[in-house]
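In the order they appear, the protein sequences are chains H and C.
First residue of the first sequence? That's 0 in numbering that gives the first Met the number 0, and the numbers climb one at a time after it.
First residue of the second sequence? That's 0 in numbering that gives the first Met the number 0, and the numbers climb one at a time after it.
Accompanying notes for the structure given below.
Protein chains: 2
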Amino acid sequence: MSTVERDKAKAGSNGNGKPYKVIGTRPIRHDGVDKVTGRAKYGADIHPTGLIYGVVLRSPHAHAKIKSIDVSKALALPGVRAVVTHKDLREPGDRILELGEGAVNLRELSNNVLAADKVLYKGHAVAAIAADTIHIAEEAAGLIKVDYEILPSVLDVEAAMNSGAPLLHANLFTDELGQKATQPSNVAKHFRFETGEIEKGFAKAKLVIEREFRTATVHQGYIEPHNATALWNADGHITVWTSTQGAFSVRQQVAELVDVPISHVKVIPMEIGGGFGGKIRVYLEPVAAILSKRTGRPVKVLMNRADVFEGTGPTPGSYIRVKLGVDAQGMITAGQAYMAYEAGGYPGSPIGAGAMCIFACYNIPNGRIDGYDVVVNKPQTSAYRAPGATNAAFALETVVDEICTQLKLDPLEFRLKNAAREGTRRVDGPVFPRVGMIESVEAIQSSEHWKTPLTGKNRGRGVASGFWFNCGLKSAVSATVNPDGNVSLVEGSTDIGGSRTGIAMQLAETLGIAAEDVIPTVGDTDSVGYNDITGGSRVTFATGYAAYEAARDIQRQMVGRAAQLWEVDPSQVTCEQGSFIGPEGKKFTFKELAALVNKTGEPVVGRGSVDPEGCGGAFATHVVDVEVDPETGKVQILRYTASQDVGTAIHPSYVEGQIQGGAVQGIGWGLNEEYFYDAQGTMKNATFLDYRIPTCYDLPFIDTIIVEVPNPGHPYGVRGVGEVPIIPPPAALANAIAQAVGVRMTQLPMSPPRVLHEILAKKS
Amino acid sequence: MSTVERDKAKAGSNGNGKPYKVIGTRPIRHDGVDKVTGRAKYGADIHPTGLIYGVVLRSPHAHAKIKSIDVSKALALPGVRAVVTHKDLREPGDRILELGEGAVNLRELSNNVLAADKVLYKGHAVAAIAADTIHIAEEAAGLIKVDYEILPSVLDVEAAMNSGAPLLHANLFTDELGQKATQPSNVAKHFRFETGEIEKGFAKAKLVIEREFRTATVHQGYIEPHNATALWNADGHITVWTSTQGAFSVRQQVAELVDVPISHVKVIPMEIGGGFGGKIRVYLEPVAAILSKRTGRPVKVLMNRADVFEGTGPTPGSYIRVKLGVDAQGMITAGQAYMAYEAGGYPGSPIGAGAMCIFACYNIPNGRIDGYDVVVNKPQTSAYRAPGATNAAFALETVVDEICTQLKLDPLEFRLKNAAREGTRRVDGPVFPRVGMIESVEAIQSSEHWKTPLTGKNRGRGVASGFWFNCGLKSAVSATVNPDGNVSLVEGSTDIGGSRTGIAMQLAETLGIAAEDVIPTVGDTDSVGYNDITGGSRVTFATGYAAYEAARDIQRQMVGRAAQLWEVDPSQVTCEQGSFIGPEGKKFTFKELAALVNKTGEPVVGRGSVDPEGCGGAFATHVVDVEVDPETGKVQILRYTASQDVGTAIHPSYVEGQIQGGAVQGIGWGLNEEYFYDAQGTMKNATFLDYRIPTCYDLPFIDTIIVEVPNPGHPYGVRGVGEVPIIPPPAALANAIAQAVGVRMTQLPMSPPRVLHEILAKKS
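Take a look at the structure:
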């Protein structure tokens, strides 16, 4: 059913048949007008008085020692005010800084921001210049003389794991499952998840299939490049304006790298033109700060598109081997995975999350997962929407599909039989509470799309499922009652996808007012309680939860105010559907009482502060119809439907938008996107002309089916939406291609040359 | 004792011998560096993208009907984008809007912002133009043709009260002490306060003196002119940047005048270059808003100095008659006052406050006060530091001094005998709690200044006391605990005199951290709970109280966190001097526990929201030595000492600064300042060259004596400081002049020509 049809069907029942007045409706987002009229201020839009500009000099080599840096000519250029290098940053040692979603080693972060003795990828930052104009700064960058000793580089995970591979870090001695390493390697981590008895499990299987898969490095592809403007004030306090997924996370990182107390850094989060996980780690912010310290001026540093591709974290290329056993009844008996993810220049790929997700859609009684985090001469990877899970699902879901084909099992029936459900234990340990894998499959099963037969030559239909665990983490909001009955809400979660409205709606629902009656503001780090990053599909869950708590706090105070006005005991006043009910038929609506608040006592301010445990994992199942051109290998998507258990859809339009956006990014990853490197480790397609993300010309309308299995761990049942939809597309596309032209794709992207190659190989 | 000597004397006891670690110290103000380096952003410093400029056309006549306004030529000028007049504002009717300190009639406010059918003073705003540059806007102002019918004007209160005076408002029928008026007049209000039996009281007196006094219109003289920048967004939400004493008050007024819900106006308070009561009522903000609505652009409107003098509220000129009776023992038996204050063009002089204060320093068993609020063709008056009280004290304290002279009573002994104290009932009703009138007098009595005889020809010493009741009103703050143990504090009180630090210190004291460990921010109206204006000497009292409550809220949460970490019941944890104490010697300092907060649960956010009742009135006694030049009448101040009961001095330097600043403003009012009008009602000295405020060349160092009689209604005993010190100076100077040259000055300012006139009159 299309979005429009679903809306019609739901008219009158407020979208979900639940007793909500605001949740499930589709108000216009609070920041909408500012964004469509151009009033919204992004990172590039801030120009403090006296602003000067910074430019970062980047390494032309993928792997080299820095023997010396001579900045004298650059400094002598008129208009140049400062040149900084790694030594201007604090050397924080090997401490680990938790960033909410993931963690960073501060020494490595510091080296990634400005390289110390080695550059580990082409594009690695080496020095930075502040000058009166960006043009002078760029000219000065060309005058910096860096003496490099070029080293051999290694660009993919398999090569990097070979003995004899060039080593990025001479001191990377990784304990191997408890075994002390005696030699350094490029393996930063190896861990194993295990459940049941893997050998016995495979012994029970009627069919065992083992395949290996490779995926390319891809980038989040956010439209807005990274940016940072900083002012190091004369009192030692620093203000940073930046577009980020986590103002508090930037605050932590900057404070550590420039060596000031954390509260002396104020981060003002500007509007953000996309992040998808890539705007959590800092790149420019500490550089802008130290340039400002050196010059006494506010300094703005911006990336261009090539800087973004070459200097910020993409998601890892990977090598994955999956082995799956199924018995005669079509039940999975055992699953094994070997997963090696590229970390980039420094450790920290999302291999952990990938391993948590790879088998999570199914009940795997006997399972083993070996995960490897491997450094290569590419930019340090960052989170990207369900980080690690898409690579994993591409491998597993392709093997599942092959099993279904061989055993002639309906792929949805197979999923329903083997689906993870309440009580299923994941291979990595946790036991599922109530989850919606089954419902996400059933939604596809009963969809128009699935029920409509696909006919025509070279056409195929594929399905795939995906799982993301979602995050909780810390959020805090405050909310104040205005005399007109509207409520001002201050939250600290950067709004990367309509979360301002999603949070405001939960506050409104609780208070019994309209979404438009909430005035939401994203506060800076001095103006709101600590908030973890916007990521992990946690904000609508956790910050929404905080908004619920703030509303309850407001209601408690207003119950007291009503009691005071009615001259009754507060215990005689209840709050029902947002109204205040007293004895003898006394009643105030929220707005009526709000108008009296400031006339009867202190202002009413509610606070909500949470660190909730009950985040609920989410499942998606996608179905895609494709037609493959056998002469070019081009894959045309004919129809696409994505179902997903979101718990409760707070704002269905944004849920649909998240599902559609995620699916499109997964499609790009599946069909087109990849970093092309030459032998010297230079990316050859670092522009949006050559790095091809899908456009509307490449895509049909993405139909969405919202499945709602409320999360028992959230007052409104929210699970989180943003991550899951990117996971199934590559696998669903591979399965559709297999049906269309009979070739099993095991490498991403499934670009025309590669598909054609398989078609031709099959023919010959 | 000088400030420096006092500091020495107090060294080691932290300034006040009380058990405080932060209160009573003198940390550098948090906004200090920004203000001395020029980084602080004032109202004129904001330049949103696309900014255009507004200019206000003002009436050249003191009193006229507006017959028509032709804006066609102005609109035709290239670069002009909009012209607005009164009809572009909402006509809100005769509703009263409470502004915290005082109230406004919205119809009158609207007419004062842009005149409807009449102009009531020279400088009254008539129309406003928005254009691409300020020069075009100014040129366009000259092209607006206003057809005025000039009316006779009345410029002083006594003339205005005469029957037959030109009437400003045809419909001002004022009930006269319960009597329904049958004729309109210029008297907007007449009220009476009464206690005891006035006739019997005077009958008991040995000496009765009655005198009449006149004071001139004077201006607050803040350095920064009024300013407003507004953006009326396409979604109907308005942002206003302005320097104001009350962002929430501006929000209320703008919302009413431009007819949007109050929460659709966001006021961002910029730093303020002085207010003293004059930046509470709006002038430019609604104009900027409607110009923005009409043009779709952000619009900035600024005043020049003449606009400020002629178009904003000065404090009233007044006529006061005081009659005081004293018995043979020197005890006051009765006091009577007739007080008529100029309201300016619209009703609303501070006559009420003046009447509350006039007799408040003394126990007056039988008293009567008649107060009159009288409209005249001058700008509508505004609050100015202890509004109304300085005029009143000039009258009363001069009469008190004359009585002391005639009865040969020591003026301090007289005050001690008759001083208001705990239990004294004011003529206007309230009974004093513990107050410090006696202590303020004793402090002068034991001062070096008083003990040092004054010798020399034409020299005299005068003393005077003053009272201000101080305000409580509403304040709300929020405070969040950072991992470095520092605390971010968001307050909504505009900082006009170091209150950021004064509030932060109370938070710090309660939490057991340093003042520098608090990061204070003044929030906008969307980002903090409702706060009444900064005025009435309420902020250090009430917002400080809110900070105390926020700190307590933080401590309650941190007690729970400590209990969780120690695995004990929260009842086993106490908070002592900011540290958390558990069983068996367990202890966390605040900073130790703060570092663990985000690792153990939700962020800790404290809120404080108050509407306190216990604001404590404050008393000051000043002594001044002068030398009068008998040939020119010039009064030279030789020495000046001000004592004041402040309850508790949170930051003694700012207390001293407030006392010094208030005294200097009182000296200016007493000796030099006045509006000179010509017969047509045009102010002839509307520049700082001609309107003479005291400079450092005119003044000795103002010695201060901080008296601390803690206010029992505040957790740290705060009373409020800013208002009282402006009250005694004119009277003290008059009394000193009397002693020096034997003339009793009864008119302000006591400028050289006027003093010379009295000297010559006495001689002849």
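Glycine included, every Cβ here is placed at the ideal spot set by N, Cα and C.
(request) Tell me whether T631 of chain H sits in a helix, a strand or coil according to DSSP, three-state version. (result) Here T631 of chain H carries a coil assignment [DSSP, helix/strand/coil].
(message) Alpha carbons only, please: which of H:A545, H:K450, H:V321 and H:V156 is nearest the one belonging to A503 of chain H?
(response) Closest option to A503 of chain H, judged by alpha-carbon separation, among H:A545, H:K450, H:V321 and H:V156: H:A545.
(request) Check the Cβ of T36 of chain H against every Cβ in chain C and list those closer than 7 angstroms, keeping chain order. (result) For T36 of chain H, the C-beta contacts it makes with chain C under 7 angstroms involve A233, in order along the chain.
(request) Please confirm if P601 of chain H has its CB atom under 8 angstroms from at least one CB of chain C. (result) According to the sequence displayed, residue 601 of chain H carries Glu and not Pro. Contacts with chain C at 8 angstroms (Cβ-Cβ) include E601 of chain H.
(message) Does the CB of Y529 of chain H have a neighbour CB from chain C at under 8 angstroms?
(response) Yes, Y529 of chain H lies at the interface with chain C (some Cβ there is under 8 angstroms from its Cβ).
(message) Pull the bridge partners of A394 of chain C from the DSSP assignment, please.
(response) Residue pairing by DSSP places A394 of chain C in no beta bridge whatsoever.
(request) Check the Cβ-Cβ distances between R606 of chain C and every residue of chain H, and say whether any is below 8 angstroms. (result) With 8 angstroms as the cut-off, R606 of chain C counts as an interface residue toward chain H.
(message) Counting C-beta neighbours from all protein chains within 10 Å, is the total for N161 of chain H 16 or more, i.e. buried, or is it exposed?
(response) N161 of chain H is exposed by the Cβ-count criterion.
(message) Please give me, in chain order, every unbroken run of the beta strand (DSSP E) with length at least 3 that falls completely inside the stretch 325-377 of chain H.
(response) Within the stretch 325-377 of chain H, the runs of beta strand (DSSP E) at least 3 residues long that lie entirely inside it are, in chain order, 331-343 and 366-374.
(request) Compare the C-beta of A475 of chain C against all C-beta atoms of chain H and say whether one is closer than 8 angstroms. (result) Answer yes: the Cβ-Cβ gap between A475 of chain C and chain H drops below 8 angstroms somewhere.
(message) Among the candidates C:I135, C:T332, C:R460 and C:N481, whose CA atom is the shortest distance from the CA of E198 of chain C?
(response) Shortest Cα-Cα distance from E198 of chain C to any of C:I135, C:T332, C:R460 and C:N481 involves C:T332.
(request) Label C695 of chain H either buried or exposed according to how many other C-beta atoms from any shown protein chain fall within 10 Å of its C-beta, with 16 as the threshold for buried. (result) Counting Cβ neighbours within 10 Å, C695 of chain H comes out exposed, since fewer than 16 surround it.
(message) Between H:I289, H:N303 and H:R304, which has its C-alpha nearest P297 of chain H's C-alpha?
(response) If we check each option's Cα against that of P297 of chain H, H:I289 comes out closest.
(request) Write down the C-beta distance between V398 of chain H and R191 of chain H rounded to the nearest angstrom, noting that I regard them as a contact closer than 8 angstroms. (result) Actually they do not touch by this definition, with Cβ atoms about 20 angstroms apart.
(message) Less than 8 angstroms between CB atoms is the rule here; does P260 of chain H satisfy it with respect to chain C?
(response) Yes, P260 of chain H lies at the interface with chain C (some Cβ there is under 8 angstroms from its Cβ).
(request) Please decide whether N226 of chain H counts as near chain C, where near means a Cβ-Cβ distance under 8 angstroms. (result) Taking Cβ atoms only, chain C never reaches closer than 8 angstroms to N226 of chain H, which makes this a no.
(request) Please name the residue in H:V717, H:H189, H:D624 and H:D234 whose C-alpha comes closest to that of A739 of chain H. (result) Selected option, being the one with the closest Cα: H:D624.
(message) When you compare the CB of E757 of chain C with every CB in chain H, is at least one pair closer than 8 angstroms?
(response) Put simply, the CB of E757 of chain C is far from chain H, with every gap to its CB atoms at 8 angstroms or more.
(request) Taking a Cβ distance cut-off of 7 angstroms, strictly less, list which residues of the stretch 449-471 of chain H are near chain C, in chain order. (result) For the stretch 449-471 of chain H, which is checked against every Cβ of chain C, not one residue is closer than 7 angstroms.
(message) The beta strand (DSSP E) that contains S652 of chain H, what's its start and end?
(response) Where S652 of chain H is concerned, there is no enclosing beta strand (DSSP E), although the alpha helix (DSSP H) it sits in stretches over P651 to L670.
(request) Write down every uninterrupted run of the beta strand (DSSP E) in the stretch 254-288 of chain C whose length is 3 residues or greater and which is fully enclosed by it, in chain order. (result) Here the runs fully enclosed are 264-268.
(request) For the stretch 487-518 of chain C, enumerate the residues whose C-beta is nearer than 7 angstroms to any C-beta of chain H, in chain order. (result) Residues passing the 7 angstroms Cβ filter: S487, V489 and I518.
(request) Please report how far the alpha carbon of R551 of chain H lies from the alpha carbon of V264 of chain C, in whole angstroms. (result) Distance between the alpha carbons of R551 of chain H and V264 of chain C is about 25 angstroms.
(request) Evaluate V754 of chain C with the Cβ neighbour count: other Cβ atoms within 10 Å of its Cβ, from every protein chain shown; 16 or more gives buried, anything less gives exposed. (result) So V754 of chain C counts as buried.
(request) Measure the C-alpha to C-alpha separation of G353 of chain H and I143 of chain H and round it to an integer number of angstroms. (result) So the alpha carbons of these two residues sit roughly 41 angstroms apart.
(request) Output, in sequence order along the chain, the residues in the stretch 311-343 of chain C whose CB is closer than 9 angstroms to any CB in chain H. (result) Within the stretch 311-343 of chain C, no residue has a Cβ that lies closer than 9 angstroms to any Cβ of chain H.
(request) Please classify S12 of chain C: does DSSP put it in a helix, a strand, or coil? (result) Low per-residue confidence applies at S12 of chain C: pLDDT is 37, beneath 50, and the placement is therefore not dependable, though the value from the model is reported in the following sentence. Secondary structure at S12 of chain C: coil, using DSSP grouped into helix, strand and coil.
(request) Check A136 of chain H in the structure and name its three-state DSSP category. (result) In this structure, DSSP gives A136 of chain H a helical state, which the three-state scheme calls helix.
(message) Using 8 angstroms as the cut-off, can you tell me whether the stretch 252-268 of chain C makes contact with the stretch 75-82 of chain C, which would need three or more C-beta pairs spanning the two stretches below that distance?
(response) With a cut-off of 8 angstroms, the stretch 75-82 of chain C and the stretch 252-268 of chain C do not count as touching, because too few Cβ pairs lie within range.
(request) Just mark Q178 of chain C as buried or exposed, buried being the case when its beta carbon has 16 or more other beta carbons within 10 Å. (result) With fewer than 16 Cβ atoms within 10 Å of its Cβ, Q178 of chain C is classed as exposed.
(request) Look up P519 of chain C in the DSSP assignment and say whether it is helix, strand or coil. (result) DSSP places P519 of chain C in strand when its eight states are reduced to three.
(message) Just to confirm before moving on: does the CB-CB distance between F172 of chain H and A159 of chain H stay below 8 angstroms?
(response) No, the Cβ-Cβ distance between F172 of chain H and A159 of chain H is not below 8 angstroms.
(request) Return no unless some Cβ of chain C is closer than 8 angstroms to the Cβ of T533 of chain H. (result) Chain C, which has no Cβ nearer than 8 angstroms to the Cβ of T533 of chain H, makes this no.
(request) Determine, using beta carbons only, whether P482 of chain C comes closer than 8 angstroms to chain H. (result) Interface residue, yes.
(request) Compare the C-beta of S526 of chain H against all C-beta atoms of chain C and say whether one is closer than 8 angstroms. (result) Answer yes: the Cβ-Cβ gap between S526 of chain H and chain C drops below 8 angstroms somewhere.
(request) Can you tell me which of C:I649, C:R638, C:H448 and C:K64 puts its alpha carbon nearest to the alpha carbon of G497 of chain C? (result) When C-alpha distances from G497 of chain C are compared across C:I649, C:R638, C:H448 and C:K64, the shortest belongs to C:I649.
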